[in-house]
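Chains as they are written, first to last, in our numbering: chain A, -5 to 191; chain B, -5 to 191; chain C, -5 to 191; chain D, -5 to 191. Built from N, CA and C at the ideal position, the CB exists for glycine as well. Fair warning: this is a prediction, and the values are worked out from it, not measured in the lab.
There are 4 protein chains.
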Amino acid sequence: MDVALVEFSERGFDGARVNHIAEMTSTSKRMLYYYFGDKAGLYRATLLAAYENAKAMDHNLTLNELTPTEALKQLVVKPFNNRSALTSFTRLVAGENLRRGECVKQLPEFQEINRPTLELIQTVYARGVETGEFKAGLDPLALLWLVLAPATFNVSNQHTFSAAWGEKLYTETGQQMLCDMAVQSVLSVVVKEQDSD
Amino acid sequence: MDVALVEFSERGFDGARVNHIAEMTSTSKRMLYYYFGDKAGLYRATLLAAYENAKAMDHNLTLNELTPTEALKQLVVKPFNNRSALTSFTRLVAGENLRRGECVKQLPEFQEINRPTLELIQTVYARGVETGEFKAGLDPLALLWLVLAPATFNVSNQHTFSAAWGEKLYTETGQQMLCDMAVQSVLSVVVKEQDSD
Amino acid sequence: MDVALVEFSERGFDGARVNHIAEMTSTSKRMLYYYFGDKAGLYRATLLAAYENAKAMDHNLTLNELTPTEALKQLVVKPFNNRSALTSFTRLVAGENLRRGECVKQLPEFQEINRPTLELIQTVYARGVETGEFKAGLDPLALLWLVLAPATFNVSNQHTFSAAWGEKLYTETGQQMLCDMAVQSVLSVVVKEQDSD
Amino acid sequence: MDVALVEFSERGFDGARVNHIAEMTSTSKRMLYYYFGDKAGLYRATLLAAYENAKAMDHNLTLNELTPTEALKQLVVKPFNNRSALTSFTRLVAGENLRRGECVKQLPEFQEINRPTLELIQTVYARGVETGEFKAGLDPLALLWLVLAPATFNVSNQHTFSAAWGEKLYTETGQQMLCDMAVQSVLSVVVKEQDSD
DNA sequence: AATGAATGAGCATTCATTCAT
DNA sequence: AATGAATGAATGCTCATTCAT
């Protein structure tokens, strides 16, 4: 349900109104309860669908023919752009974190959905270590963290950031610069120094 | 009002109940309205106080005696630790971003409050450029962004992240590693590489 | 349907949920409507079945070989014990009375079902009058009333009574005493006193 | 709140609508929640008030100048008539019993409210034993039970009873007869045989 | 400055019931 | 005979807010 995603991501769980969601759908509010049980059930389904969709977009890559370094670049660029394109998803996740991950922790499928994302970066990293391009001994999970941090922050804190210091970074060129910085910062951690340009 | 900070950061603007705040204070709900006008007014005051406090903590540094590189390190480490210590603040900011910065954009003092933070990094960066340690031509605002991104993400997405991939990164040693990575990633962007020298 | 009896007797007509009844049956809710029309129809069927069953239990007696006095005793003891055993029935009847007998008054078979009960006591009373053991001129219906009052009250007001004055009367010995009292009180009304003889 | 008593006694706890109560009062539904917290709170208050009122009516007697036997008669007649006059109360109690006394068991004042009723019968019985009019060794609580049973049954099962066997017992003369029977049945248990007329 | 009482509008949720197949 | 999907109308309850004092 796209409209539920919009409502929940726009107003958070508490702010979201089942009424609004129903009114913007062809079905009635009553049907929402018929299918999802309650507001939390609807939220759960929405969250899950949003995660699946985001994963699909992040994984829409063909890395095998790239060098590990180039592949890693893609693994930074892609989420960076996607978080921006999937503002609703990013907001939904921010909201779920405000709820202390209450819902996500109870979703049995949640870990399974996310596993491939870690595997992806793991594979590329392993290839890079093998070719000698990458430093050995790094934690792929920390790498993933390093990739997601700027991509997520860029979207989730956009409003307070630009309220404080202006919109300069949120122009097209500003975003390009940030993306480049994000790439460089990840590479500097992963790639062996003598190899870096 | 500390209790308002807790309530708003814990439940977001919509989830927060004026009742709860009143009940946990010595004053009555009626008095809250007397002083702050409405819920939004209370929220505004809370937000402002939280920002002031966070700024004070981030600026609790004596950088003049450090080399620019060492100072920059501090400028990364300090917010990283502070965001963690000030979870309530970080949550509050996340909530305000979900509201699209609605409140923060109308606060006339907001830009003024934040300006010193940018000036701080600007000063250090200028010194580093002067001494030749830092690359020239970088945007201090982008640097600030690069500093805040990991510090904020680390706290604001903690729950979904650890729900997806476990708590490993949120142990003491995990946090140390992330902080080191954050430092390294910033330095790699700012500091001239000795190889290319 | 036993499960309907439980639901209606447990929660009353308003409190009963057609859903609950359906879920605890092998048939679906939809089928309940198919067979009984509506909730009231289901209730009607339940009530009728419960009355038939109670009557069957109350009449499970062989009085012909007893003296009228002994038979009368049985006619007191039996319902007293049965109302207790048939708590569900007693509760159902209490609920129907709260509805002002709305349903029972529209059941055409209702009077017919109950008639044998009155006939039973009538027969015994007539025999007793004939033998001279019983006072003449009493109204058998009033006798029936006198028999049912303690038996019913004992169950239907059990909870408020024991909440007010403790459970003492609802122990095994307590119940025995009450039953004896009920018997004695009926006999005192019906049986000729030997003193006045 | 008289109107709450009517609503709850008329429709039971589940059937009662807070809306109805509010509409029939000068206050709003919102105020009901302000004062009583929730539906259960309103019910609790209603139940308590009804019990207090019933007690007041049952105790509106001056027994000191009567012989124990005459006093005991009053103790049977009074509740018998009162249960009839206080139909709402009797229905409310029946409803509470259907709820298994859930509410009444949690009311801390409940036992205290009822104690005087037992003391009253206790006092009269003690006097009667002293004068030799009454049999010794009876349990005053069982006596109370014997008094309340017909009085309560008479009202609480009125509808099913008259639906089954007609209204004959619920005419004025019928009620008089039942009351006499109730008196006689209690006396026969309490009063020594040689004394009973 | 301070407050107890009041309120309109709205919320998530539930229920008995029926439509289309 | 049997059923999954659909629904209008309520229900208990809550919330931010204000009135009168």
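- By the criterion of a C-beta distance shorter than 6 Å, T84/B is surrounded in its chain by R77, V149 and S150, once the five residues flanking it on both sides are discounted.
- Here L92/D really is in contact with G6/C; their C-beta atoms are around 6 Å apart, less than 8 Å.
- Using a Cβ-Cβ distance cut-off of 8 Å, the region 4 to 20 of chain D and the region 162 to 181 of chain D are not in contact, since fewer than three pairs of beta carbons, one from each stretch, lie closer than that value.
- In the DSSP annotation of this structure, the continuous segment of the alpha helix (DSSP H) that includes S156/B starts and ends at Q152 to W159.
- Secondary structure at V98/A: coil, using DSSP grouped into helix, strand and coil.
- Under the 10 Å beta carbon count, T125/B is surrounded by fewer than 16 other beta carbons and is classified as exposed.
- For the region 147 to 158 of chain A, the set of residues with a beta-carbon nearer than 8 Å to any beta-carbon of chain B comprises F147, N148, S150, N151, Q152, H153, T154, F155, S156, A157 and A158, in chain order.
- Excluding residues up to 5 positions away in sequence, V98 lie with their Cβ nearer than 7 Å to the Cβ of F104/A in the same chain.
- Taking a Cβ-Cβ threshold of 8 Å, the residues of chain A close to N108/B are A158 and W159, in chain order.
- Three or more Cβ pairs closer than 8 Å define a contact, and the region 57 to 73 of chain B falls short of that threshold against the region 131 to 138 of chain A.
- Beyond the five residues adjoining it in sequence on each side, H14/C comes within less than 7 Å, by CB distance, of E1 in the same chain, given in chain order.
- The region 108 to 120 of chain D makes no contact with the region 173 to 186 of chain C, as fewer than three CB pairs between them are under 8 Å.
- Put simply, the CB of S182/B is near chain A, with a gap under 8 Å to one of its CB atoms.
- Taking 7 Å as the cut-off between beta carbons, the residues of the region 77 to 110 of chain A near chain B are R85, V87, A88, G89, E90, N91, L92, R94, G95, V98, K99, F104, Q105 and N108, in sequence order.
- Residues of chain C whose Cβ lies closer than 7 Å to the Cβ of M175/D are, in chain order, A136, L140 and V183.
- M171/A has a beta carbon lying within less than 8 Å of a beta carbon in chain B.
- Between P62/A and A145/A, the beta carbon gap of about 20 Å keeps them out of contact (Cβ cut-off 8 Å).
- R109/B sits away from H153/A, with the two beta carbons spaced by 8 Å or more.
- Look at Q178/A: its C-beta is under 8 Å from a C-beta on chain B.
- In this chain, L80/C is not harboured by any alpha helix (DSSP H), its DSSP state being neither H nor E.
- Within chain D, the residues L135, A136 and W139 have their CB atoms less than 7 Å from the CB of L163/C, given in chain order.
- Using a Cβ-Cβ cut-off of 8 Å, D8/C counts as an interface residue toward chain D, since at least one Cβ of chain D sits closer than that to its own.
- With fewer than 16 other CB atoms across the displayed protein chains lying within 10 angstroms of its CB, R24/C is exposed.
- Taking a C-beta distance under 8 Å as the contact criterion, S3/A and S182/B do not qualify as a contact pair.
- By the C-beta density criterion, Y28/B is exposed, having fewer than 16 other C-beta atoms within 10 angstroms.
- According to the DSSP assignment, H14/D belongs to the alpha helix (DSSP H) that extends over V12 to E17.
- Interface criterion not met: the Cβ of P73/D is under 8 Å from no Cβ in chain C.
- Rounded to the nearest angstrom, the Cβ distance from F30/B to A143/A is 35 Å, too far for a contact under 8 Å.
- The C-beta distance from L41/D to L86/D rounds to 6 Å, short enough to fall under 8 Å.
- Of all alpha-carbon atoms in F155/A, K162/A and A136/A, the one lying nearest the alpha-carbon of V141/B is that of F155/A.
- For the C-beta of P62/D, not a single chain C residue is nearer than 9 Å; the gap to the nearest is close to 18 Å.
- If you ignore the 5 residues before and after R121/B, its C-beta comes within less than 7 Å of the C-beta of P62, all in its own chain and listed in chain order.
- Within chain C, no residue has its CB atom less than 8 Å from the CB of A34/D, the nearest being about 14 Å off.
- Between the C-alpha atoms of G160/C and A136/D there is a straight-line separation of about 12 Å.
- Note on A88/C: 16 or more other CB atoms within 10 angstroms of its CB, so buried under the neighbour-count rule.
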